[in-house]
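Taking it in order: structure first as structure tokens, then the write-up.
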Amino acid sequence: MDWIQSWKDTLFLLLDDVPVSLREVVASIAIDGTSATTIIIDSRSEEPLSRAFLYNESCPDALPLVKSIAPAKHTVCSGSSTLCKLVSWWNSYPSSKESAVLLHQADWLLWLLHGKLGVSDYNNALKVGYDPQMDSYPPWLLSQPYSHLLPSVQDPGTKIGCMKEDIRTQFGYPKDCLVCTGTTDSIAAFLAARATQPGKAVCFACLFLLI
1008 MDWIQSWKDT LFLLLDDVPV SLREVVASIA IDGTSATTII IDSRSEEPLS
1058 RAFLYNESCP DALPLVKSIA PAKHTVCSGS STLCKLVSWW NSYPSSKESA
1108 VLLHQADWLL WLLHGKLGVS DYNNALKVGY DPQMDSYPPW LLSQPYSHLL
1158 PSVQDPGTKI GCMKEDIRTQ FGYPKDCLVC TGTTDSIAAF LAARATQPGK
1208 AVCFACLFLL I
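Just so we're aligned, residue 1008 is where the sequence shown starts under this note's numbering, counting upward by one.
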């Protein structure tokens, strides 16, 4: 299955599904996606350089190398982490990689709307090694030969730009409709549930056992 095309088709279907009377009052758009769902894009052609790596897909071939550079028990030390997917692609892709850019699912869909390639949020970027306490990628990651693929990272909900004119006019959204950085599915569920008090929890798409 061509996941990348299906995501694009679904995004445009959703934009078209919003009632016309509501489209004209939409002020901003953000998208959530599953963390570690990874796409590598050529920044020159703006085309994918490989199929999409889904969030639950494991790359055990890359895990030993990732464990050798990352701190013990780091979130990237899992075969399904975004960093393992990046390393696996890096080691297997035969052509030039200098124009490649890593995007998460939400990043890529938002790029279709704002047109600024290579922007992510710190929730999605956790599994590629971003350190939210440092507010940067750590030195052990920046020293790697593939570090130029890493997207710039903003807070979730940060304004990136207005919706591209061709998309805006196609679907009838306002000229000043903003496109903002997104987040992961779990964080989006938490925000939507408005769980603002200690002791509140959110269950989404899976079963939690609370002890």
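Yeah, the Cβ is synthetic: ideal placement off N, Cα and C, and Gly gets one too.
Identify the continuous alpha helix (DSSP H) that holds L1156 and give its terminal residues. In the sequence shown, counting from the first residue as 1, residue 1156 sits at position 149. Looking at the DSSP string, L1156 is not in any alpha helix (DSSP H), and its letter there is neither H nor E.
Below 8 angstroms, is the gap between the Cβ of A1113 and the nearest heavy atom of the ligand HEM? Ligands displayed in this structure: none; no statement on the ligand HEM is therefore possible.
From which residue to which residue does the alpha helix (DSSP H) around A1195 run? The residue you call residue 1195 lines up with position 188 of the sequence shown. Start and end: 1192-1200.
Rounded to whole angstroms, what's the CA-CA distance from N1098 to K1092? Just pull it up for me. Within the sequence shown, numbered from 1, the residue matching residue 1098 stands at position 91. Within the sequence shown, numbered from 1, the residue matching residue 1092 stands at position 85. Taken atom to atom, the span from the alpha-carbon of N1098 to that of K1092 is near 10 angstroms.
Across the region 1045-1059 and the region 1101-1117, are there enough close Cβ pairs to call them in contact, namely three or more that are closer than 8 angstroms? Here the region 1045-1059 makes contact with the region 1101-1117; the two share three or more CB pairs at distances below 8 angstroms.
Only counting the same chain, and skipping five residues up and downstream in sequence, which positions put a Cβ closer than 7 angstroms to that of L1157? Position 150 of the sequence shown, counted from the start, is the residue given in the question as residue 1157. These residues qualify, in order along the chain: L1109, V1135, Y1144.
Does the distance from the C-beta atom of G1168 to that of V1186 stay below 9 angstroms? Sequence index remark: in the sequence shown, residue 1168 carries index 161 (1-based). Sequence index remark: in the sequence shown, residue 1186 carries index 179 (1-based). A Cβ-Cβ contact shorter than 9 angstroms links G1168 with V1186.
Quick one, which of P1139, V1033, E1064, D1039 has its alpha-carbon nearest D1192's? Within the sequence shown, the letter at position 185 stands for residue 1192. Closest in C-alpha terms to D1192, from the list P1139, V1033, E1064, D1039, comes D1039.
Would you kindly work out how many angstroms separate the C-alpha atoms of E1054 and S1127, rounded to a whole number? Along the sequence shown, read from residue 1 onward, the residue named residue 1054 stands at position 47. Along the sequence shown, read from residue 1 onward, the residue named residue 1127 stands at position 120. Taking the straight line from one Cα to the other gives about 18 angstroms.
Would you report the Cα separation of W1010 and K1080, rounded to the nearest angstrom? By one-based count along the sequence shown, residue 1010 stands at place 3. By one-based count along the sequence shown, residue 1080 stands at place 73. Rounded to the nearest whole angstrom, the C-alpha separation of W1010 and K1080 is 31 angstroms.
From the DSSP output, in three-state form, read off D1024 for me. For this step, residue 1024 is matched to residue 17 along the sequence shown. Look at D1024 here: in three-state DSSP terms it is helix.
Own chain partners of T1165 with C-beta closer than 7 angstroms, once the 5 adjacent residues on each side are dropped: The residue you call residue 1165 lines up with position 158 of the sequence shown. Result list for T1165: C1187, T1188, in chain order.
Same chain, Cβ closer than 6 angstroms to W1219, five either side skipped, listed in chain order: Absent from the model: residue 1219. The displayed extent of the chain is 1008 to 1218, so no value can be given.
Are the beta-carbon atoms of L1124 and K1171 separated by less than 9 angstroms? As a first step, residue 1124 is located in the sequence shown; it is residue number 117 there, counting from the start. As a first step, residue 1171 is located in the sequence shown; it is residue number 164 there, counting from the start. In this structure, K1171 does not lie closer than 9 angstroms to L1124 by Cβ.
Distance, Cα to Cα, V1160 vs N1131? Position 153 of the sequence shown, counting from 1, holds the residue named residue 1160. Position 124 of the sequence shown, counting from 1, holds the residue named residue 1131. Taking the straight line joining both Cα atoms gives about 9 angstroms.
Pick helix, strand or coil for L1110, following the three-state DSSP scheme. Along the sequence shown, one-based indexing puts residue 1110 at 103. Here L1110 sits in strand by DSSP.
Please name the residue or residues paired with G1040 in a DSSP beta bridge. Indexing the sequence shown from 1 puts residue 1040 at position 33. DSSP lists T1191 as partners of G1040.
On the CB-based measure, 16 or more other CB atoms within 10 Å of its CB, does A1199 come out buried or exposed? Against the sequence shown, residue 1199 aligns to sequence position 192. Here A1199 is exposed, its C-beta having fewer than 16 other C-beta atoms within 10 Å.
I need the straight-line Cα distance from E1064 to C1084, nearest angstrom please. In the sequence shown, residue 1064 corresponds to position 57, counting from 1. In the sequence shown, residue 1084 corresponds to position 77, counting from 1. Using only the alpha carbons, I get a separation of about 14 angstroms.
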